[in-house]
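All letters in the sequence shown, in the order written, are residues 0 to 189 by numbering that gives the first Met the number 0.
We put the beta carbon where it would ideally sit given N, CA and C, even for glycine.
In what follows, a single structure is set out as structure tokens and then discussed.
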Amino acid sequence: MRTRAGTRTLNLMHRLFVGLRPPPAIRELLIDTMGGVPGARWQSDEQLHLTLRFVGELDRRTAEDAAHALASIHAAPIELRIDGVGRFDSRGRTNALWAGVRPHDAVTALHKKVDQALVRAGLVPERRAYLPHVTLARMGGGAGAADRWLADHAGLASQPFTLGHFMLFESHLGHGGASYEAVERYPLAG
0 MRTRAGTRTL
10 NLMHRLFVGL
20 RPPPAIRELL
30 IDTMGGVPGA
40 RWQSDEQLHL
50 TLRFVGELDR
60 RTAEDAAHAL
70 ASIHAAPIEL
80 RIDGVGRFDS
90 RGRTNALWAG
100 VRPHDAVTAL
110 HKKVDQALVR
120 AGLVPERRAY
130 LPHVTLARMG
140 GGAGAADRWL
150 ADHAGLASQP
160 FTLGHFMLFE
170 SHLGHGGASY
180 EAVERYPLAG
């Protein structure tokens with residue numbers, strides 16, 4: 000997909016999200032933690048990202064408007080580090096394992112700018128609380144307990160790393176899970 004200023008166009012409906020992609024060394028650190036929870040669906044290298052905002056399914060024109068609105072965002076590069084792990088629960092059952100990032104301030108500010116740009120493009124504002132993280136595994140009903148994994152990786156940490164751009168991704172759902180295609184890249188230049 001390219002915006003009106005670009006050359007590529009979108010087809011039919013597009014399931015989109017905006018995110019940050021950790022550098023290869025950080026993704027390798029995250030991949031090294033994966034395993035040890037029976038039934039967990041661990042993310043592949045290509046799936047590792049920090050979501051700034053899930054957009055959802057949009058028609059071609061609205062997707063192009065959203066992509067164009069994101070190009071108006073001005074923000075400085077973000078310095079983060081991996082800091083600990085956690086889980087998301089639903090009705091007492093773990094449904095995802097994740098790695099945390101710190102500090103939150105700059106990435107939360109970028110999340111707000113992304114949300115505001117998408118609202119200007121006609122989308123509804125984000126209603127969920129925002130917790131910056133990188134999803135490492137999805138957990139179905141048959142997945143084993145994650146308590147041991149969480150204890151073993153509680154001290155997960157990385158050196159600081161700088162992210163100089165954010166991206167608009169298209170998510171393609173399939174039998175083996177989701178695959179993500181980066182369709183636009185937006186510089187963080189301050």
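- Within 10 angstroms of the beta-carbon of Gly-55 lie fewer than 16 other beta-carbons, which makes it exposed.
- For the 7 Å CB-CB criterion, Phe-160 and Pro-22 form a contact.
- Unbroken alpha helix (DSSP H) runs of no fewer than 4 residues, entirely contained in the region 117 to 158, are found at 146 to 151, following chain order.
- Taking the CA atoms as reference points, Arg-80 sits about 21 Å from Ala-128.
- Proximity to Ala-116 across Met-33, Gly-34, Asp-64 peaks at Asp-64, based on C-alpha coordinates.
- Annotation for Ile-77: the continuous beta strand (DSSP E) segment containing it runs 77 to 89.
- In this structure, the beta-carbon distance from Ala-39 to Ala-136 falls below 7 Å.
- Asp-64: member of the alpha helix (DSSP H) spanning 59 to 69, first to last residue.
- When the alpha-carbon of Gly-141 is set against those of Val-36, Phe-16, His-13, Val-17, the nearest one is in Val-36.
- Only residues of its own chain outside the window of five on either side were considered, and among them Asp-58, Arg-59 have a CB closer than 8 Å to the CB of Leu-11, listed in chain order.
- Contact between His-132 and Arg-52 fails: their C-beta atoms lie close to 14 Å from each other, not under 8 Å.
- Following the DSSP letters along the chain, one finds Arg-184 inside the beta strand (DSSP E) bounded by residues 176 to 186.
- If you draw a straight line from the Cα of Phe-165 to the Cα of Gly-85, it comes to about 24 Å.
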